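Residue numbers (my numbering), protein chains in the order written: chain A, 199 to 528; chain B, 200 to 530.
Below you can see the structure in the form of C-alpha cells.
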C-alpha cells in the first residue's frame, strides 16, 4: 500500500518506525525538537519519544559525533544529525579517526552502529559553505558505509537499512530533494545496502549516477530517446559498497559508460567508477569512458554563477551523443 | 582494627597492580629497544597511582577510556597483561589481534574502551558512553583519562559542557604530568588553570596528589559515589610526573634533571610501600607484590615472543560487513 509523500517525510516515517521498533535507537543534533530538523524530518518525534531520545544539542559538532560514537560502542544505535555535509567537516576527526577505525583497530571487540546524516548538495543560493557534495571523501575511508538516496521510497527504505546496519553509515540526503514527492510503501522492508537500481533500461550506453542527479539523468535519457539513443540509467544508491556487478553487467551490454555527479569532477567518485570499469571491462568498451561533474571551484552564490557549475540534462545528453558519435568510438 | 587491616590488604592489592603496570612498562620499553615492539611506546611509569586508585572504585561494568599512554589504564581496569604484551609484539592472541598495537590496547570485556591516539578523543567518546548509560537507564559510570595536553583541545571543552548539560555520570580524570609531549603545558595555557576550566562549566572539580594512591582512592571513592547518585559529572585533577620521556625514544632532555630527580623521590610505588610498612604489613608481603608482578610480566614477554604472527588474511577482517569484492585487494 503506497502513499504519496515527500523525501523528507519518508525519512521521518522511517525514523519513527525504527525508534518504535528498537529502544536502542535515538537521535541527537541541533534543532531536532522545536524545529523538527531543517526539513521537518524529525517533526513531532520529540513529543512522541521524549527529549532523552530526540536530543537537542549545543552547536558542538565534535561532541555530537563523539557522543554518537561513544554511545554506539556502549550499546545504543544513535542517529547523528549534522545538518549540512559541510558541517560534517567539523566532526571529521570523530568520523574518520574514531567511528571508522574502532571496529578494526580493536579487532571487532566493538562495533559502531551509528548513522551520520549530513545533507549534501545544491539547494540554491546558500553558497560555498552549505552546498558541497563531499561523498568521495567518505568513500575513501575504510570502515564507512556511504549511502545517498535519490527518491522518497529510497529515503525510507535506505534509512531503515542504515539504522539497522552494524557499521557506521554516512547518510547523505540531498537538500534539493527534501520537498520532492513520490510513492512510498511505509511497510517496505529495509533496502539492501550496496544494491543499485536500474532505473531505466537501454542498450546504447550506461549512465551511472546517484542522489539528485538521478532525476537529471532521467531527463537526459528522455532527450536521448527522442534522438533514437537508448540510455540505461543506473542509480547506485549506495556509494560504498557500490554495486560493481550491476554496472559491469550494464556496460557489457551497452559498451559505453558515462558517470554523472554533482560533486567536483576532479577526485570525484565518478573517477573510481570509470577507472574500475576501464580496468575490468576494457574489452567490452566501444567508446572511451566519460565523467561529468562540477568544475573545481567552490559553489558560488549568484544565480548565473551557481547555474554555471550545475550538471544539467543538456550536459548529460550532449556527452552521451558525443560518446555515440564522437572520436574514439569503436 | 579489622577495618584497618582490611584497608591494608586492599592497598597491598593496589601495590601489586602498580608493580604490574611498572613491570609491564619497563618490559615494553626494553622490547622496543630490542626491536620486538615497533612504533611508539608511551610509558606510564610514575603515574601508576592514578589509574590504580580510580579503578579500585570501579565495577567491571563501568567504562574507562584512555589516551596514547594507556597501558596502565587497561591493566588497572582488569585487562590481561599477557594479551596486552602480545598486542605490542603484534602477535596472535593480542588484545586486538595485532591491528592496534601499543596506542590501541583495549579490552571491552572489562569496560576498557580503548587507548586512543588522538588527544582528547577518548574523553569525548567516554562522554558518549555516559550518554548511552542515560539513554539505556543503566547503573554504570564512565571515566575518561586524559593528560594536561588535552586541556587545550576544543573537543574537551565541548565534552565538559555536554556532560554537564545532560548530567551524565562521567568522572573526568586529568593526569597532569606537566608536559604536552615535549612542551611545558603551563607555557601554552592561558587563564587560571585546569580546574577553573571545569568549574566554569559548573562541574565539581578537585585536585589530588596523583602520586599518592591513598589520596586518589579516597577522592575517587566520594566522586564516583556522587556520580552513582545521579548528580552529574565531576572532574579530578591529579598532579603527577612521568619518569621517562614522552615515549620510549624520547630522552626527555627538555626537563631539568633536578626536577626529574625530585619527582622520582615522590615515586608512587615507594610511597605506597612505605605506608604499608607503617601499617605493620610485613616486608615479605610487600616484596611478594613486586616479584609476582615481575614473574607475570616475564611470562607475558616470553609468551609474546613465542606467539605466532597473525595470518595476513586477517587484514580484511573487521573492516565492515559489506561486499568484500570491492575492497580493492590486489587481484
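All C-beta atoms in this analysis are idealised placements derived from N, C-alpha and C, irrespective of residue type, glycine included.
This one's a predicted model, so the numbers in the text were calculated from it and none came from an experiment.
Item, Value
"Going by CA-CA distance only, name the one from 221/A, 255/A, 218/A, 250/A that's closest to residue 235/A.", "255/A"
"Cβ of residue 321/A within 8 Å of Cβ of residue 393/A?", "no"
"Is residue 529/B helix, strand or coil by DSSP?", "Because the pLDDT of residue 529/B is 42, which lies under 50, any placement of that residue in the model is unreliable, and the question is left without a value."
"Please name the residue, chosen from 449/B, 260/B, 442/B, that lies closest to residue 460/B on a Cα-to-Cα basis.", "442/B"
"Run through the DSSP bridge pairs and tell me what residue 206/A is partnered with.", "The partner list for residue 206/A (beta bridge, DSSP) is empty, contrary to what the question assumes."
"Go ahead and pull the three-state DSSP assignment for residue 354/A.", "helix"
"Strictly by DSSP, which residues pair up with residue 282/A?", "317/A"
"How would you label residue 298/B, buried or exposed, when you count the other beta carbons within 10 angstroms and need 16 or more for buried?", "buried"
"Using DSSP's beta-bridge definition, name the partner residues of residue 186/A.", "Outside the displayed span of chain A (199 to 528) sits residue 186/A, for which this structure offers no information."
"In angstroms with no decimal places, state the Cα-to-Cα distance between residue 457/A and residue 309/A.", "33 Å"
"Please list the segments of the beta strand (DSSP E) lying wholly inside the stretch 248-282 of chain B, counting only runs of 3 or more residues, in order along the chain.", "262-264"
"Would you mind giving the Cβ-Cβ distance between residue 446/A and residue 475/A, rounded to the nearest angstrom? I have them listed as a contact below 8 Å.", "7 Å"
"Would you kindly report the start and end of the unbroken beta strand (DSSP E) that includes residue 470/B?", "First-last for residue 470/B: 467-477, but that is the alpha helix (DSSP H), not the beta strand (DSSP E)."
"Would you mind reading off the limits of the beta strand (DSSP E) that contains residue 375/B?", "370-375"
"Below 8 Å on the Cβ atoms is my guess for residue 265/B versus residue 315/B; work out the distance and round it to an integer in Å.", "6 Å"
"Using 8 Å as the Cβ pair cut-off and three pairs as the minimum, do the stretch 326-344 of chain B and the stretch 301-309 of chain B touch?", "no"
"Under 8 Å, Cβ to Cβ, is there at least one residue of chain A near residue 363/B?", "no"
"I need the straight-line Cα distance from residue 292/A to residue 370/A, nearest angstrom please.", "17 Å"
"From the beta carbon of residue 405/B, is the nearest beta carbon of chain A less than 8 Å away?", "no"
"In this structure, what does DSSP give as the bridge partners for residue 607/B?", "Limits of chain B in this structure are 200 at one end and 530 at the other, which puts residue 607/B out of reach."
"I believe residue 217/B touches residue 407/B by the beta-carbon criterion, under 8 Å. Please report the beta-carbon distance rounded to the nearest angstrom.", "That belief does not hold up - the Cβ atoms of residue 217/B and residue 407/B are roughly 16 Å apart, past 8 Å."
"Taking only beta carbons into account, state which residues of the stretch 420-454 of chain A come closer than 7 Å to chain B, listed in chain order.", "439, 440, 442"
"Would the beta-carbon of residue 368/B fall within 8 Å of that of residue 401/B?", "no"
"Between which two residues does the alpha helix (DSSP H) carrying residue 443/A extend?", "442-452"
"Can you give me the Cβ contacts of residue 422/B inside the same chain, cut-off strictly under 7 Å, excluding the 5 residues immediately before and after it?", "370, 433, 435"
"Can you list, in chain order, the residues of its chain with a C-beta nearer than 7 Å to that of residue 488/B? Leave out the 5 residues immediately preceding and following it.", "211, 214, 215, 218"
"Roughly how many angstroms separate the alpha carbons of residue 424/A and residue 515/A, rounded to a whole number?", "11 Å"
"Which same chain residues end up closer than 7 Å to residue 352/B when comparing Cβ atoms and leaving out the 5 residues on each side of it in sequence?", "318, 319"
"Residues of the stretch 319-345 of chain A with a CB closer than 8 Å to any CB of chain B: list them in chain order, please.", "340, 341, 342, 343"
"What are the residues in the stretch 313-324 of chain B lying within 7 Å of chain A by C-beta distance?", "313, 317, 320, 323, 324"
"Using 8 Å as the threshold, is the C-beta distance between residue 381/B and residue 410/B below it?", "no"
"Could you pull the start and end residues of the beta strand (DSSP E) that residue 502/A belongs to?", "From DSSP, residue 502/A is part of no beta strand (DSSP E) but of the alpha helix (DSSP H) over 501-507."
"Does residue 302/A come out as helix, strand or coil in the three-state DSSP assignment?", "helix"
"Go through its chain and collect everything with a Cβ distance to residue 323/A's Cβ below 6 Å, but skip five positions before and after it.", "none"
"Please go through the same chain and pick out, in chain order, the residues whose beta-carbon is closer than 7 Å to the beta-carbon of residue 200/B, but skip the five residues on each side of it.", "In this prediction, residue 200/B has a pLDDT of 41, which is less than 50 and means its spatial position is unreliable; nothing more can be read from the coordinates."
"Does the stretch 482-493 of chain A come close enough to the stretch 453-468 of chain A that 3 or more CB-CB pairs lie under 8 Å?", "yes"
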